[in-house]
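Novice: Just so we're aligned: 45 in the numbering used here is position 44 of the sequence shown, and the numbers increase by one with no gaps anywhere.
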Amino acid sequence: MIFDNYEIWWITGAQLLYGGDAVVKVDSHSKEMVDSLNNSGKLPVKVVYKGTANSSREVADLMTAANNDPRCAGVITWMHTFSPAKMWIHGLQILNKPMLHFHTQYNAEIPWETMDMDFMNLNQSAHGDREFGHICSRMRIRRKVVTGYWKDDATLERIAVWQRVAVAWADSQDMLILRFGDQMNNVAVTDGDKVEAEIRMGYHVDYCPFSEVLSYFHKVADADVDALVETYFKEYDHEKSLEDKSTEAYRKIWNSAKAELTLRAILTDKGAKGFTTNFDDLGDVNVDETGNGFDQIPGLASQRLMAEGYGFGAEGDWKSAALYRTVWVMSQGRGCSFLEDYTLNFDGKQSAILQAHMLEVCPLIAEQRPRLEVHFLGIGYRKTQTARLVFTSRPGYGVTATVVDMGNRFRLIVNDVDCIKSKPLPKLPVASALWIPQPSFEIGATAWILAGGTHHSCFSYVLTPEYWEDYAEMAGIEMVHIDKNTTIEDFKQNLRLGEVYYMLNRSFYK
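1. The alpha helix (DSSP H) spanning E368 covers which residue range?
2. For E290, is the classification buried or exposed, using 16 other Cβ atoms within 10 angstroms of its Cβ as the cut-off for buried?
3. Just confirm the distance between the C-beta atoms of T401 and S458, as a whole number of angstroms; I'd bet it's less than 8 Å.
4. What is the DSSP secondary structure of R412, reduced to helix, strand or coil?
5. Our contact map puts N486 next to P440 with C-beta atoms below 8 Å; I'd like the distance itself, whole angstroms only.
6. If contact is defined by three or more beta carbon pairs under 8 Å, each pair taking one atom from either stretch, is the stretch 474-486 in contact with the stretch 423-437?
7. Between the Cα of V206 and those of V221, E231, L215 and S321, spot the shortest distance and give me the residue it belongs to.
8. Figure out for me which residue from F460, A302 and G182 has the closest Cα to the Cα of Y325.
9. Looking at I178: is its Cβ nearer than 8 Å to the Cβ of I136?
10. Measure the alpha-carbon distance for I267 versus T403 and round it to whole angstroms.
11. Looking at A353: is its Cβ nearer than 8 Å to the Cβ of W436?
12. Is it buried or exposed, P71, if we count other Cβ atoms within 10 angstroms and call 16 or more buried?
13. Could you give the DSSP three-state label for G349: helix, strand or coil?
14. Taking the Cβ atom as the reference point for each residue, do F347 and C363 lie within a distance shorter than 8 Å?
15. State whether the stretch 236-251 contacts the stretch 274-284, with contact taken as three or more CB pairs (one from each stretch) at a distance under 8 Å.
16. By DSSP, does E213 sit in helix, in strand, or in coil?
17. Could you pull the DSSP bridge partners for L378 from this structure?
18. Just the C-alpha distance for R265 and P466, rounded to the nearest angstrom, thanks.
19. Is there a C-beta anywhere in chain C that falls below 8 Å from the one on T191?
20. For E341, which residues in the same chain have their Cβ closer than 6 Å to its Cβ, ignoring the five residues on either side in sequence?
21. By DSSP's criteria, V404 is part of a beta bridge. Which residues make up the other side?
22. Are the beta-carbon atoms of P85 and A161 separated by less than 8 Å?
23. Report all residues from its chain with a CB closer than 8 Å to the CB of M504; omit the five preceding and five following residues, and keep chain order.
24. Can you give the beta carbon distance from D296 to N256, rounded, assuming they're within the 8 Å contact cut?
25. With the cut-off set at 8 Å, would you say G203 and D406 are in Cβ contact?
26. Runs of 4 residues minimum, wholly inside the stretch 480-509: which ones carry the alpha helix (DSSP H) assignment?
27. Return the chain-ordered list of same chain residues with a C-beta closer than 7 Å to the C-beta of M480, the five sequence neighbours on each side being excluded.
28. Could you spell out where the alpha helix (DSSP H) holding Y472 opens and where it closes?
29. According to DSSP, simplified to helix, strand and coil, what is F181?
30. Is it a yes or a no for the stretch 46-61 touching the stretch 12-19, going by three-plus beta-carbon pairs under 8 Å?
31. Between D130, V60, P99 and I111, which has its C-alpha nearest T82's C-alpha?
32. The beta strand (DSSP E) spanning A74 covers which residue range?
33. Under 6 Å Cβ to Cβ from A167, same chain only, skipping five residues before and after it: list those, please.
34. Can the beta-carbon of A250 be found less than 8 Å from the beta-carbon of Q386?
35. Which residue spans inside the stretch 74-134 form an unbroken alpha helix (DSSP H) run of at least 4?
36. What residue range does the alpha helix (DSSP H) around A54 cover?
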């Protein structure tokens, strides 16, 4: 439903040199093309035609309007005919929304037998789009360029990718991440510059003491908890014995449900889109007359909230929490999760990395129906029986990503991975995935480490590297991509070039 809250504006470039009749024709063609895009069923976001731009004043007015309209997630520009690019300068200086430059043409083929000078003057996208592209490059305007016929499925899919990223970018511009407790002590990679993150990527990170969380805990009604527990039993496989209200296991599930309702209440009340937890900060165990409060890490709550679209990062990892929310929006809530590199499995060409966490893996990647289980968790401030969803991920291609603070810039690291069939973990009852990073375990893992990658990442079966290219372009951050063609020699060279580029060209980064 997030996509229904936004729209993409279409602005066609033209001019009055060829007379008013030509502009009328340009306008007619543009309306037909936009209607076709919206009726194609290929685009997730409605395209709204905003007319032709024939002068510098008209361009500036349209760009100002786009900036001021909260529903506008981005702008598509297309030069139907020759549109002198100097008239776009002031508008491009103003625009602060993502832009896609669409290089297409109304006619699919040249009408060889009938083409005359009037047709040539009117259909000059081959000419006008290069003029417009020049001024964008001259002004260092970040944008995506899509080239292709406007009715082709492949062309529409590239526009659809950009639309999803543009909406996710708009969503991140008022993203509030709540940190319940601080970060895990002495960990470097999950920390970073929160001020620069808000300047660069839009989201705001606030600390929320666990004492405030517990104030919401007290307000949760027992009847609501009972109802949520029943939902658990309906949605997940489980041992029948867990339904026995006299057992400790049932009490742990009941408390997990109360924790979920508590977190959802405070996130809703504050308008937050993501959160972090810290296993060393759960407040005082004796928070009510039963002494049951947050008696365990809210792992089950985190799993379910991630599935609903809330960003999550463990051990105070606010960058992962924000990035996961963006992944969830771009993928429209399909096949994604926060994950952690857990342990290695050396097996020749099948050498792989086990991805898991002590509790918090999203069930959206599960191959089978998740099982609701209760087991002892011997880590953190509160070592106790803890409820969680247990499953393994489905095999298939996916992409994982992380953002790291390099001191003078943020770096987005993207790795194509191949998830393979995992084995049961009877002594480690957690949700997990097993993957081989492309192009191989040795090269993929080495490149990730050379780039400074985190042990946390945000994974998706749905997203492709193109999504992350568009995201990095909108954010103006560095992106490095590890895929089937990566070699360590070339990758190290690209890292060195990136270091030089961002050291010398800070004006682009601003």
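The beta-carbon is built from N, C-alpha and C at its ideal position, and this holds for glycine as well.
Since the model is a prediction, treat every value here as computed from it, not as a measurement.
Specialist: This is what the structure holds:
1. For the purposes of this step, residue 368 is taken as the residue at position 367 of the sequence shown. It is not in any alpha helix (DSSP H) - E368 carries neither H nor E in the DSSP assignment.
2. The sequence position of residue 290 within the sequence shown is 289, counting from 1. Annotation note: pLDDT 46 at E290 (below 50); position unreliable, coordinate value reported separately. So E290 ends up on the exposed side.
3. Within the sequence shown, numbered from 1, the residue matching residue 401 stands at position 400. Within the sequence shown, numbered from 1, the residue matching residue 458 stands at position 457. So it is a contact: roughly 4 Å between Cβ atoms.
4. Residue numbering aside, residue 412 sits at position 411 when the sequence shown is read from its first letter. Three-state result, R412: strand.
5. Working through the sequence shown from its first residue, we reach residue 486 at position 485. Working through the sequence shown from its first residue, we reach residue 440 at position 439. The Cβ separation is near 7 Å, so the contact holds.
6. no
7. Position 205 of the sequence shown, counted from the start, is the residue given in the question as residue 206. The shortest C-alpha separation from V206 is found at S321.
8. Here residue 325 corresponds to residue number 324 of the sequence shown, with the count starting at 1. Closest option to Y325, Cα to Cα, is F460.
9. The residue given as residue 178 occupies position 177 in the sequence shown. The residue given as residue 136 occupies position 135 in the sequence shown. Cβ atoms of I178 and I136: not closer than 8 Å.
10. Counting from one through the sequence shown, the residue named residue 267 turns up at place 266. Counting from one through the sequence shown, the residue named residue 403 turns up at place 402. Spanning the two alpha carbons is a distance of roughly 27 Å.
11. Counting from 1 along the sequence shown, the entry for residue 353 is found at position 352. Counting from 1 along the sequence shown, the entry for residue 436 is found at position 435. Result yes, Cβ atoms of A353 and W436 sit closer than 8 Å.
12. In the sequence shown, residue 71 corresponds to position 70, counting from 1. With fewer than 16 other Cβ atoms within 10 Å, it is exposed.
13. Here residue 349 is taken as the residue at index 348 of the sequence shown, counted from 1. Three-state DSSP puts G349 in a helix.
14. Position 346 of the sequence shown, counting from 1, holds the residue named residue 347. Position 362 of the sequence shown, counting from 1, holds the residue named residue 363. No, these two residues do not count as a Cβ contact at 8 Å.
15. no
16. Here the question's residue 213 lines up with position 212 in the sequence shown. In this structure, E213 counts as helix in the three-state DSSP scheme.
17. As a working mapping, residue 378 is identified with position 377 in the sequence shown. Answer is T385, bridged to L378.
18. Sequence index remark: in the sequence shown, residue 265 carries index 264 (1-based). Sequence index remark: in the sequence shown, residue 466 carries index 465 (1-based). Cα-Cα distance, rounded: 32 Å.
19. Judged by its chain identifiers, the structure shown contains no chain C, having just a single protein chain.
20. As a working mapping, residue 341 is identified with position 340 in the sequence shown. Counting only Cβ-Cβ distances below 6 Å, and skipping sequence neighbours, we find H358, H456 and H457.
21. Here the question's residue 404 lines up with position 403 in the sequence shown. Partner(s): L413.
22. By 1-based counting over the sequence shown, the position of residue 85 is 84. By 1-based counting over the sequence shown, the position of residue 161 is 160. No. Outside cutoff.
23. Position 503 of the sequence shown, counted from the first residue, corresponds to residue 504. N409, listed in sequence order.
24. Position 295 of the sequence shown holds residue 296. Position 255 of the sequence shown holds residue 256. 5 Å between Cβ atoms; contact.
25. Residue numbering aside, residue 203 sits at position 202 when the sequence shown is read from its first letter. Residue numbering aside, residue 406 sits at position 405 when the sequence shown is read from its first letter. No, the pair does not count as a contact, with Cβ atoms beyond the cut-off.
26. 489-505
27. By one-based count along the sequence shown, residue 480 stands at place 479. These residues qualify, in order along the chain: L413, V415, W469, E470 and A473.
28. In the sequence shown, the residue the question calls residue 472 occupies position 471. Where Y472 is concerned, the enclosing alpha helix (DSSP H) stretches over P466 to A476.
29. Looking up residue 181 in the sequence shown gives position 180. If DSSP states are grouped into helix, strand and coil, F181 belongs with the strands.
30. yes
31. Here residue 82 corresponds to residue number 81 of the sequence shown, with the count starting at 1. The residue with the shortest Cα to Cα distance from T82 is D130.
32. Here residue 74 refers to the residue found at position 73 of the sequence shown. Here the beta strand (DSSP E) through A74 covers C73 to M80.
33. The count along the sequence shown starts at 1 and reaches residue 167 at position 166. Here the set comprises A74, G75 and P99.
34. The residue you call residue 250 lines up with position 249 of the sequence shown. The residue you call residue 386 lines up with position 385 of the sequence shown. Taking 8 Å as the Cβ cut-off, A250 and Q386 qualify as a contacting pair.
35. 90-95 and 118-123
36. Within the sequence shown, residue 54 is the residue found at index 53, counting from 1. Taken as a continuous stretch (DSSP letters only), A54 belongs to no alpha helix (DSSP H), being part of the beta strand (DSSP E) at K47 to A54.
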